[in-house]
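One structure is given here, and the rest of the page talks about it.
Numbering (the working numbering), first residue to last: 38 to 743.
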């Protein structure tokens, strides 16, 4: 039986019943005919993974009307098929709500005036949007429903649970309803979502990420530790929902949105929603125009101090998609690209916009005093927080990557007994990184010991190696511990130990400064940009350059060690000004190039017609071991070409002929550089094959004179 779509209120109950029956049949047709699911019955259903229903306490649906009965059977079929729920506690928590629904359904349905569970209102999924809904929606349950359930049986004796967290540099406690109460809300919420899934994907207001993402996105499934994540388009008013839904799902299907960026991305349309409700009493697409977006919305965002540009550009992209796909409702827009230039740049202590942001990012690295105090504070934190802290501090991994390293992440180096290889997946850049660890190095040896001790404790606890080095098991599904949980625990330790930042204020801990700390340390110890890139797994030299540029003492040291700070012109004379330019004002006023420096200020270096000249010089020889660097350079040049093409066209259209000609020269030169880099990368990756012939290097023998 095909799943049908609810198309009208008159037939909705009949259609809903057919949909539930069809869904239940996808699990097993026996589920419909049996109203008592005991242990033997559940174990005979092939798709079910739960082993804890028990012999004497079956799951019963005997006293329910047909549709609520089918809703709950459908809910339980999915629940028992999910290995994350394969535990005794998961079943036990749901026994009392099931008894309550069986005995009191008549009272519940009369109270809410409904005939099925899915019709009981849920605050997170309100079909009718009102301006009072503008406040932030949190994931919660129907308070009335929980209040009724909390008075059933012995629930009134259950005490609220307390959880502590850090707020304004203080540890505070908050009371929550116990899980034995909120489980009733969980059942209701899942049944509401369950009904929405009967609609085709293009019409759903609640969309599971599992339906739009696949395991091609590495670790996607494992990050859903306890429940399946979803997109909720009920957050938006009716006039905006279809536009946002089509735009977001279309971008996901074209591989333009990763799961980790969805929360922030969808929040930008919440910002636009708030603007429209501040501006108009009854917002609608008909009120949207170029003048409204370019003028009032942009000015509104500037006054709000919204950071970056994406709050504006992503909204414009969504509105333009809406005008194409829903032309009967949405007006056509032609917002000028120049409007972006009027977005107020976010101010940072170290400068404006991206440069200031990057420099301040390096400034957010922790000093050695802070690191020492944090290490002391986390020693008595719950395991495996101390181990994760040491791993991320020692390697500079991103937080998610450090929490999700595999159990077998550390292996012996097959070519050198003095080394071990630490390998881990970098989810942001989607590639593996391999870091050699020297057994004779004190810090490396300490990290090796931490990893090996963690492995032993895992085998001792679970009896066998796990998938992840820091596993988190729900039911029989393994995931990895959450970086939000570990950061929260470290924050508590930092507050209780009164750890201060370098300005004397209470430290607000987060994982990313540990990565900045590693980058800064590498730069201070004299590592070059390429080495920092490889250590931290950057895909371009931009961020690694920031670490180097931000350290005045490093640049002075480099000048003194290479030529005693003297730089020679091509005529043989010493240019004594270059040294000052290279270290002035914490920024590059001159540019380092191969074997020396360029005296053209780096801020306008892109205008030099000889920029990247080495890549187009017949005497240049590329080192095969630097292939990743050349790939990064190629990507950066490609992005620059796209930017220059648009810039040249804008200059030409606005009558700036001279500027258009200059940009055109830069564009042609960069295209030559791009072609050369492509040939270099291809030649290296083809392992010495050039024009069909194998290119062999002469073997050099080193002879030592005793």
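Heads up, the beta-carbon is just placed ideally off N, CA and C, and yes, glycines get one too.
Paired residues, beta bridge with residue i - DSSP
i: residue 4; result: Residue numbering for the chain in the displayed model covers 38 to 743; residue 4 lies beyond these limits and cannot be assessed.
i: residue 448; result: 458
i: residue 199; result: 212
i: residue 514; result: 511
i: residue 537; result: 543
i: residue 474; result: 457
i: residue 245; result: 267
i: residue 96; result: 74
i: residue 505; result: 443
i: residue 339; result: Residue 339 pairs with nothing; no bridge assigned.
i: residue 204; result: 207
Proximity winner among the options, relative to residue i (alpha-carbon distances)
i: residue 60; options: 231, 526, 131 and 86; result: 231
i: residue 331; options: 311, 374, 197 and 150; result: 374
i: residue 655; options: 497, 716, 681 and 687; result: 716
i: residue 671; options: 524, 576, 701 and 689; result: 576
i: residue 434; options: 463, 268 and 92; result: 463
i: residue 445; options: 452, 468, 501 and 475; result: 501
i: residue 380; options: 370, 482, 361 and 349; result: 349
i: residue 109; options: 132, 684, 187 and 533; result: 132
i: residue 513; options: 447, 118, 73 and 178; result: 118
i: residue 469; options: 488, 453, 572 and 503; result: 572
i: residue 560; options: 584, 150 and 574; result: 584
i: residue 280; options: 698, 667, 521 and 353; result: 353
i: residue 659; options: 689, 701 and 718; result: 718
i: residue 116; options: 101, 200 and 87; result: 87
i: residue 688; options: 697, 155, 147 and 682; result: 697
i: residue 84; options: 686, 409, 65 and 269; result: 65
i: residue 325; options: 312, 368 and 303; result: 368
i: residue 539; options: 406, 557 and 503; result: 406
i: residue 101; options: 68, 317, 138 and 653; result: 138
i: residue 188; options: 257, 218 and 161; result: 218
i: residue 553; options: 401, 97 and 92; result: 401
Supposed close pair residue i, residue j - CB separation, criterion 8 Å
i: residue 423; j: residue 507; result: Rounded, the Cβ-Cβ distance is 11 Å, inconsistent with contact.
i: residue 442; j: residue 461; result: 5 Å
i: residue 477; j: residue 455; result: 6 Å
i: residue 418; j: residue 530; result: 6 Å
i: residue 203; j: residue 416; result: With a Cβ gap of about 19 Å, residue 203 and residue 416 do not count as contacting.
i: residue 343; j: residue 308; result: 7 Å
i: residue 99; j: residue 73; result: 7 Å
i: residue 503; j: residue 515; result: 6 Å
Check whether residue i and residue j have beta carbons under 8 Å apart
i: residue 145; j: residue 185; result: yes
i: residue 136; j: residue 216; result: no
i: residue 125; j: residue 89; result: yes
i: residue 480; j: residue 431; result: yes
i: residue 127; j: residue 50; result: no
i: residue 322; j: residue 276; result: yes
i: residue 112; j: residue 228; result: yes
i: residue 107; j: residue 54; result: yes
i: residue 377; j: residue 341; result: no
i: residue 267; j: residue 310; result: no
i: residue 543; j: residue 403; result: no
i: residue 511; j: residue 140; result: no
i: residue 440; j: residue 517; result: yes
i: residue 358; j: residue 283; result: yes
i: residue 409; j: residue 371; result: no
i: residue 271; j: residue 164; result: yes
i: residue 212; j: residue 194; result: no
Delimiting residues of the alpha helix (DSSP H) encompassing residue i
i: residue 147; result: 125-149
i: residue 713; result: 694-722
i: residue 559; result: 549-561
i: residue 79; result: 76-80
i: residue 314; result: 299-316
i: residue 426; result: 422-432
i: residue 666; result: 664-690
i: residue 407; result: 405-415
i: residue 53; result: 49-64
i: residue 358; result: 347-362
i: residue 260; result: 257-260
i: residue 650; result: Counting along the chain, residue 650 falls outside any alpha helix (DSSP H), and DSSP gives it neither H nor E.
Unbroken beta strand (DSSP E) run spanning residue i, endpoints
i: residue 267; result: 267-269
Any C-beta of chain B under 8 Å from that of residue i
i: residue 505; result: The structure shown contains no chain B, having only a single protein chain.
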